[in-house]
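Trainee: Going down the list, the protein sequences come from chains A and B. Start counting the first sequence at 2; every next residue gets the next number (the numbering used here). Start counting the second sequence at 2; every next residue gets the next number (the numbering used here).
Number of protein chains: 2
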Amino acid sequence: MSFDPSSLVYNEAGLIPCIAQDANSHEVLMMAWMNADSISQTLETGRVTYWSRSRQSFWIKGESSGHVQELVDLRVDCDRDCLIALVNQTGPACHTNRRTCFYTAIRDGDEVELMKPEV
Amino acid sequence: MSFDPSSLVYNEAGLIPCIAQDANSHEVLMMAWMNADSISQTLETGRVTYWSRSRQSFWIKGESSGHVQELVDLRVDCDRDCLIALVNQTGPACHTNRRTCFYTAIRDGDEVELMKPEV
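1) For A:LEU44, return the contacting residues in chain B, with the cut-off set at a CB-CB distance below 7 angstroms.
2) Touching or not, the segment 99 to 109 of chain A and the segment 42 to 55 of chain A, by the rule of three or more beta carbon pairs under 8 angstroms?
3) Can you grab the Cα-Cα spacing for the pair A:THR50 / A:ILE61, in whole Å?
4) So, at 6 angstroms on beta carbons, what are the nonlocal neighbours of B:TYR11 in its own chain, with the 5 sequence-adjacent residues on each side left out?
5) Nearest by alpha-carbon distance to B:THR91: which of B:ALA14, B:GLU112, B:LEU30 and B:PHE4 is it?
6) Just to confirm my understanding: we take B:ARG76, look at its own chain, exclude 5 residues before and 5 after, and list those with CB closer than 6 angstroms. What are they?
7) Please confirm if B:GLU119 has its CB atom under 8 angstroms from at least one CB of chain A.
8) Cβ closer than 8 angstroms: which chain B residues qualify as neighbours of A:CYS102?
9) Give the straight-line distance between the Cα atoms of A:SER3 and B:ASP109, rounded to the nearest whole angstrom.
10) Taking C-alpha atoms, which residue in A:MET116, A:ASP23, A:ASP82 and A:MET35 lies nearest to A:SER58?
11) Could you name the residues of chain B that A:CYS95 contacts, counting a contact when the two beta carbons are closer than 9 angstroms?
12) Does the Cβ of B:VAL120 have 16 or more other Cβ atoms within 10 Å, making it buried, or fewer, making it exposed?
13) Thinking C-alpha only, which one of A:SER66, A:ASP23 and A:GLY15 is nearest A:ASN89?
14) Please state whether DSSP places A:THR1 in a helix, a strand or coil.
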């Protein structure tokens, strides 16, 4: 079946969440938002491109930092309202310079920092 | 630092996305939504509990199907607006009876079904 980005389910702002997962380690790196155009651009260029809600513009991941995400596989869920991008991640994915944005665990009622920023 | 669910960033409906990831295989199983109370309930009971947007009620995953998610670790991202629940998943996570909800890949402009429902 041919894929049409307009067949996905977007929220009221025209956005769909996309989970970036390292294609090799399978670590979940981050979650950000895409619109139909950024999905098309991601598929065409092979460079993962989100929609920045704060800047209201395309966000080619790593364009300024160099921490790019090369698309390996794009997946859609059963409800067609969430995506996974399997990626080859260059450098840390998180703006804090950590490998993943999910570096805080909740354990026994406390927040535990699982990793330090890379240097 | 002590964890307070009210310190997270919720959307206008009071919800935050939660990615369920298999703690052993690291496969991403599904994404659903939580509110502050379902986060507290998840941490207290060790049974992953979402907020059902369609039913507007707690959704104790697997309560009717038996396909429960035992919480192994809960993580929060840098922006505090997304969660990961690492889980021990009993049975398939997806309501279609597939292991994961993300069973469709977008490849060369086509949708490709990666797995069949379990029998």
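From the three backbone atoms N, C-alpha and C, an ideal C-beta is built for every residue, glycine too. Treat the numbers as computed from the prediction; the structure is a model and nothing was measured.
Mentor: This is what the structure holds:
1) As a first step, residue 44 of chain A must be located in the first sequence, where it is residue number 43. Correct list: ILE107.
2) no
3) Here residue 50 of chain A refers to the residue found at position 49 of the first sequence. Here residue 61 of chain A refers to the residue found at position 60 of the first sequence. So the alpha carbons of these two residues sit roughly 4 angstroms apart.
4) On the second sequence, residue 11 of chain B is found 10 positions in, with the first residue counted as 1. The answer, listed in chain order, is ILE17.
5) As a position in the second sequence, residue 91 of chain B is number 90, starting the count at 1. Closest by alpha carbon: B:LEU30.
6) Locating residue 76 of chain B in the second sequence gives position 75, where the first residue counts as 1. For B:ARG76, where only same-chain residues beyond five positions count, the Cβ hits under 6 angstroms are ILE85.
7) Position 118 of the second sequence, counted from the start, is the residue given in the question as residue 119 of chain B. Chain A, which has no Cβ nearer than 8 angstroms to the Cβ of B:GLU119, makes this no.
8) Here residue 102 of chain A refers to the residue found at position 101 of the first sequence. Near A:CYS102 (Cβ distances below 8 angstroms), the residues of chain B are ASP78, CYS79, ASP80 and CYS83.
9) Walking along the first sequence from the start, residue 3 of chain A turns up at place 2. Walking along the second sequence from the start, residue 109 of chain B turns up at place 108. Computed Cα separation, rounded: 9 angstroms.
10) The count along the first sequence starts at 1 and reaches residue 58 of chain A at position 57. Per the Cα distances, A:MET35.
11) As a position in the first sequence, residue 95 of chain A is number 94, starting the count at 1. The contacting residues are ASP78 and CYS79.
12) On the second sequence, position 119 is the one that residue 120 of chain B refers to. Counting Cβ neighbours within 10 Å, B:VAL120 comes out exposed, since fewer than 16 surround it.
13) To locate residue 89 of chain A, count along the first sequence from 1; it is residue 88. Out of A:SER66, A:ASP23 and A:GLY15, A:ASP23 has the C-alpha closest to the C-alpha of A:ASN89.
14) As shown, chain A starts at 2 and ends at 120. That puts residue 1 of chain A outside it, with no answer to give.
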